[in-house]
Amino acid sequence: MDIEFHYYMTYIIARRAGFGPDDSSIIAYSSQYTDDNTDDKTGSFYISQDTPDAYERYISQTVNILKPQKELMRIYPVFHFLPGSLTEIAGDSARRADGKLHLMNTIPNSLSAQKVLTEALGLDDLYRIGIATHTFSDTFAHQNFVGADDGFNDMAGLLEKLIPSVGHADAKHSPDIPNKLWQDKRLVPTHASIDNKPRFLDAAYSDPIRPPVMIQSDQAI
Numbered sequence: 010m011d012i013e014f015h016y017y018m019t020y021i022i023a024r025r026a027g028f029g030p031d032d033s034s035i036i037a038y039s040s041q042y043t044d045d046n047t048d049d050k051t052g053s054f055y056i057s058q059d060t061p062d063a064y065e066r067y068i069s070q071t072v073n074i075l076k077p078q079k080e081l082m083r084i085y086p087v088f089h090f091l092p093g094s095l096t097e098i099a100g101d102s103a104r105r106a107d108g109k110l111h112l113m114n115t116i117p118n119s120l121s122a123q124k125v126l127t128e129a130l131g132l133d134d135l136y137r138i139g140i141a142t143h144t145f146s147d148t149f150a151h152q153n154f155v156g157a158d159d160g161f162n163d164m165a166g167l168l169e170k171l172i173p174s175v176g177h178a179d180a181k182h183s184p185d186i187p188n189k190l191w192q193d194k195r196l197v198p199t200h201a202s203i204d205n206k207p208r209f210l211d212a213a214y215s216d217p218i219r220p221p222v223m224i225q226s227d228q229a230i
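Residues 10 to 230 (this note's numbering) make up the sequence shown, in order.
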């Protein structure tokens, strides 16, 4: 997902959920910064070094998909391609033309995504809530991809064969654009035509604590 959802839509959702303007801004900023927190030259650096409060900060996003697999695994499955449960993954295989399963497949609104967001909300930590909303909403946009360099992500086409099969690299930015219509040829024909708008609206309306509630367009923010 792009800044339209991770920042602006997240802010609106937080306001509708009862957070004040300042708190909603922190949640939205933290959600977006999960994508912006990238420094491919250093990867990590220390905060308050040589003090009792020192800690190491590691990036939560990278634009360099050629990083070693070990480094990618520290970023993508944690923040952007959270795997679903075994039951959810098994049930999702029917949508693939090849019927393949993958233990790291991203499932929208998965039990693990709900747990991450629910725990963050329970801690009342606005920054953690923002990061959790990023991971939660990405399960909708990045569904059917895994956060690693894996053939499960392969798409047909000469150009796609030249691109490392990391996450949705073969699909380029298509899964992240709110109004995008695109084709996922890995899926059975009845599911191959993707309209991102319903996916993004599902992400906006979903709540891990209570059933989804449709938001009226004329409600004041």
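No residue lacks a Cβ here, since even glycine has one placed at the ideal position from N, Cα and C.
From the options, residue whose alpha carbon lies closest to that of residue i
| i | options | result |
| --- | --- | --- |
| Gln41 | Ser174, Arg137, His177 and Lys206 | Arg137 |
| Ile68 | Lys181, Ile56, Ala212 and Asp185 | Ile56 |
| Ser33 | Val87, Ser121, Thr115 and Met18 | Met18 |
| Ile98 | Ser119, Phe88 and Leu81 | Ser119 |
| Asp11 | His143, Asp211, Val175 and Thr127 | His143 |
| Ile116 | His15, Ser94 and Pro207 | Ser94 |
Assigned exposure category for residue i - 16 Cβ within 10 Å defines buried
| i | result |
| --- | --- |
| Ser215 | buried |
| Val197 | exposed |
| Leu132 | exposed |
| Thr60 | exposed |
| Gly100 | exposed |
| Val72 | exposed |
| Gly139 | buried |
First and last residue of the uninterrupted alpha helix (DSSP H) at residue i
| i | result |
| --- | --- |
| Ile36 | Pro30 to Asp45 |
| Leu130 | Leu120 to Leu132 |
| Asp101 | Leu95 to Asp101 |
| Ile140 | Leu135 to Ala150 |
| Pro86 | Tyr85 to Phe88 |
| Ile22 | Thr19 to Arg25 |
Delimiting residues of the beta strand (DSSP E) encompassing residue i
| i | result |
| --- | --- |
| Leu110 | That residue, Leu110, is in no beta strand (DSSP E); it is neither H nor E in DSSP. |
| Leu190 | Leu190 to Gln192 |
| Asp204 | Ser202 to Asp204 |
Straight-line Cα distance separating residue j from residue i
| i | j | result |
| --- | --- | --- |
| Gly29 | Asn162 | 40 angstroms |
| Ala178 | Ile172 | 7 angstroms |
| Glu13 | Ala63 | 34 angstroms |
| Leu190 | Gly27 | 33 angstroms |
| Lys181 | Tyr20 | 26 angstroms |
| Ala165 | Ala212 | 28 angstroms |
| Phe209 | Gln58 | 40 angstroms |
| Ala37 | Ala201 | 32 angstroms |
| Asn188 | Gly176 | 20 angstroms |
Margin query: Whether or not the segment 109 to 119 and the segment 144 to 158 are in contact is what I'm after, with contact meaning three or more pairs of Cβ atoms, one per stretch, closer than 8 angstroms; do they touch?
Written below: The segment 144 to 158 and the segment 109 to 119 touch, with no fewer than 3 CB-CB distances between them shorter than 8 angstroms.
Notebook entry, point to check: Given 8 angstroms as the limit, is there contact between the segment 137 to 148 and the segment 81 to 93, that is, 3 or more CB pairs closer than that?
Noted result: At 8 angstroms Cβ cutoff, the stretches touch.
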